[in-house]
Amino acid sequence: MNVYKVNDYWIAAKDADSAFVKYLEETDGMENMEPDDIAEGEETEITVSIYRLTSHEIEVQTVPCCEDGCDRCDGLNEQLYDTYQELLARRTDFPCVLAKEL
């Protein structure tokens, strides 16, 4: 399984196409993309960035377990962190969002 960063989302998927479709499902396609009012006859561009993490990055990069407290880190002074590899091991429903940039 691969991990792709699609704009501000880290998505586990078999390929970039599946990751992009999952991104569109999660964001309704226009999240974090605010095109200005477009005047008649004008054009604007919207860019989606897709990056495939390396195997090494999947093994060593960490993300917090939650945004603002959960059962795992409740009562601790700080959040717990998981690698993408640890998150992948817990999931069976692919493609799926592993993390989102806050």
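In my numbering, each residue carries its 1-based index in the sequence shown increased by 1.
Ideal placement from N, C-alpha and C gives every residue a C-beta, glycine not left out.
Keep in mind it's a predicted model, so treat the numbers as computed, not measured.
1) Leaving out five residues before and five after Y82 in sequence, what residues of the same chain have Cβ atoms less than 8 Å from its Cβ?
2) At which residues does the beta strand (DSSP E) containing L99 begin and terminate?
3) Looking only at its own chain, which residues have a Cβ that is under 7 Å from the Cβ of P96, when we skip the five neighbours before and after it?
4) Hey, how far is the Cα of D38 from the Cα of D29?
5) Ordered along the chain, which non-local residues of its own chain (more than five positions away) have a Cβ less than 6 Å from that of Y52?
6) Can you tell me whether G6 is helix, strand or coil according to DSSP?
7) Which complete alpha helix (DSSP H) runs does the segment 17-86 hold, if anything under 4 residues is left out?
8) Find out if the Cβ-Cβ distance for the pair T84, I47 is shorter than 9 Å.
Let's see:
1) Against the sequence shown, residue 82 aligns to sequence position 81. Around Y82: T63, V64, P65, C66.
2) For the purposes of this step, residue 99 is identified with residue 98 of the sequence shown, where counting begins at 1. Segment 97-101, the beta strand (DSSP E) holding L99.
3) Counting from 1 along the sequence shown, the entry for residue 96 is found at position 95. Cβ within range, chain order: I12, A13, A14, S19, A20, K23.
4) Taking the first residue of the sequence shown as 1, we reach residue 38 at position 37. Taking the first residue of the sequence shown as 1, we reach residue 29 at position 28. Rounded to the nearest angstrom, the two C-alpha atoms are 19 Å apart.
5) Against the sequence shown, residue 52 aligns to sequence position 51. Excluding its 5 nearest sequence neighbours in each direction, Y52 has C-beta neighbours in its own chain below 6 Å: K6, listed in chain order.
6) In the sequence shown, the residue the question calls residue 6 occupies position 5. Note on residue identity: the sequence assigns Lys, not Gly, to residue 6. Strand, per DSSP.
7) Qualifying alpha helix (DSSP H) stretches, in chain order: 17-28, 56-61.
8) As a first step, residue 84 is located in the sequence shown; it is residue number 83 there, counting from the start. As a first step, residue 47 is located in the sequence shown; it is residue number 46 there, counting from the start. Remark: C-beta atoms of T84 and I47 do not approach each other more closely than 9 Å.
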